[in-house]
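Each residue of the sequence shown is one higher than the one before, starting from 3 at the first, in my numbering. Input: a single structure, listed below in structure tokens.
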Amino acid sequence: MGALMSTLWAMWFGNKEYKIVMVGLDNAGKTTILYKLHLGEVVQATATVGSNVELVRFKNIQLEIWDLGGQQNLRPFWATYFKNTDAVVMVVDSTDRARVGVTKSELFNLLESEELAKVPILVYANKQV
């Protein structure tokens, strides 16, 4: 019965696909979040050079999640990933008070991007003391 309902649900409402771009300063936890969603477990992550991308499925929803490197020299390239983006998640290391100003500046850059004018942006405070 469950399989029948899933099939009917997909026929009536269709499968939905969304592109999500995850940004944030280096060491904010973007890659850890991505693989927790994708694999269901925490993995030991290293600094992302460029990007990671994974497909995460939940019922009839498929998320294409892009994890972009957050090092200072990579941030100017974030905008190249914004085309056809459905949502942006900005991951913030809530324990890194020394870089609050840099984080604020990068958030303002996102808010000023014409490509993201109608795209929702979630600011995700990661890590705890």
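For each residue, glycine too, the CB sits at the ideal point set by N, CA and C.
According to DSSP, is residue i part of a helix, a strand, or is it coil?
i	result
Ser107	helix
Val51	coil
Leu57	strand
Glu43	coil
Lys38	helix
Lys21	strand
Val121	coil
Ala89	strand
Distance, Cα to Cα, residue i vs residue j?
i	j	result
Tyr20	Thr87	8 Å
Ala89	Ile22	5 Å
Ala100	Thr33	21 Å
Glu116	Asp28	24 Å
Exposed or buried, which one is residue i when buried takes at least 16 other CB atoms within 10 Å?
i	result
Ile67	buried
Ala30	buried
Taking the alpha-carbon of residue i as reference, which of the options has the nearest alpha-carbon?
i	options	result
Glu77	Gly26, Asn17, Lys129	Note on residue identity: the sequence assigns Arg, not Glu, to residue 77. When each option's Cα is compared against that of Arg77, the closest is Gly26.
Gln130	Asp98, Asn54, Leu124	Asp98
Tyr83	Gln73, Phe60, Asp69	Asp69
Ile123	Met24, Ser107, Leu6	Met24
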